[in-house]
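For reference, each letter of the sequence shown is one residue, going 1 to 204 in the UniProt record's numbering.
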Amino acid sequence: MGGYCGYLANMGALAAGADAAYIFEEQFDIRELQVFDLLTVFGLNCYRNENCNENYTTDFIYQLYSEEGKGVFDCRKNVLGHMQQGGAPSPFDRNFGTKISAKAMQWISKKLKETYRKGKVFANTDDSVCLLGMRRRNLVFQPVAELKNETDFVHRIPMEQWWLKLRPLMKILAKYKTSYDVSDSGQLEHVAMHSPKEAETGAI
Numbered sequence: 001m002g003g004y005c006g007y008l009a010n011m012g013a014l015a016a017g018a019d020a021a022y023i024f025e026e027q028f029d030i031r032e033l034q035v036f037d038l039l040t041v042f043g044l045n046c047y048r049n050e051n052c053n054e055n056y057t058t059d060f061i062y063q064l065y066s067e068e069g070k071g072v073f074d075c076r077k078n079v080l081g082h083m084q085q086g087g088a089p090s091p092f093d094r095n096f097g098t099k100i101s102a103k104a105m106q107w108i109s110k111k112l113k114e115t116y117r118k119g120k121v122f123a124n125t126d127d128s129v130c131l132l133g134m135r136r137r138n139l140v141f142q143p144v145a146e147l148k149n150e151t152d153f154v155h156r157i158p159m160e161q162w163w164l165k166l167r168p169l170m171k172i173l174a175k176y177k178t179s180y181d182v183s184d185s186g187q188l189e190h191v192a193m194h195s196p197k198e199a200e201t202g203a204i
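Here you go:
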């Protein structure tokens, strides 16, 4: 799930204490698939974002780990799919749904009063087409016209994603030697990732 957005894979990996999360926003190659000492590690746990890489598919990674682990460990894959979308709504979900619905209806009622003239509705300004979302714990209406400069429409993701600031935390918890330069916008500008074994042997 998630398309080109690695949010679900990253947060799932962080919550589960995974060893790696392969995402579209942080391009990777075969070296990132080899950073684990597959013959000695126990309980290797990896997450993969739906469209993170055209060639390194879930099947490819599964077959790679299965081959390397022959006689040492078994490998299983699980495509979570719609299970990630959650089950019964929590009290928070219900409360948030009520608040956002009420906010939307208030906005629609206000706009109808502003644009209704002589039996017709004149909705020809930028603020008549808005997206309602949460920013810094506030519900904010933002004109769709403004979002054009902030959105990657090809991949259907924001150009700046706040959750990328959590990537270093996931790598640190997975006990990797990491160095990150994270911009104020949350984008990863430089990434160096090495396994504990590589750091010990100097194979970096």
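Idealized CB from N, CA, C, for every residue including glycine.
{"Item": "Contacting residues, own chain, Cβ-Cβ under 8 angstroms from threonine 115 (five flanking each side not counted)", "Value": "Val121, Phe122, Ala123, Ser128"}
{"Item": "The stretch 24-32 touching the stretch 51-65, judged by at least three CB pairs closer than 8 angstroms", "Value": "yes"}
{"Item": "Anticipated Cβ contact below 8 angstroms, alanine 21 with tyrosine 47, distance rounded", "Value": "4 angstroms"}
{"Item": "Cutoff 6 angstroms; reference alanine 203; Cβ partners in own chain excluding five residues on either side", "Value": "With a pLDDT of 42 at alanine 203, under the threshold of 50, the modelled position of that residue is not reliable, and no figure is offered here."}
{"Item": "Beta-carbon gap between tyrosine 56 and leucine 33 smaller than 9 angstroms", "Value": "yes"}
{"Item": "Own chain partners of isoleucine 157 with C-beta closer than 7 angstroms, once the 5 adjacent residues on each side are dropped", "Value": "Tyr4, Cys5"}
{"Item": "Distance between phenylalanine 73 and arginine 136 (C-alpha atoms, nearest Å)", "Value": "45 angstroms"}
{"Item": "Check whether leucine 64 and glycine 12 have beta carbons under 9 angstroms apart", "Value": "no"}
{"Item": "Exposure of alanine 199, with buried meaning 16 or more beta-carbon neighbours within 10 Å", "Value": "For alanine 199, the pLDDT reaches just 45, beneath the cut-off of 50, and the residue's location in the model is therefore unreliable, although a value from the coordinates is still provided. Classification of alanine 199: exposed, given that the 10 Å Cβ count is below 16."}
{"Item": "Beta bridge counterpart(s) of residue 217 as assigned by DSSP", "Value": "This structure leaves residue 217 out entirely; the chain is present only between 1 and 204."}
{"Item": "Alpha-carbon spacing of threonine 58 relative to lysine 77, whole angstroms", "Value": "8 angstroms"}
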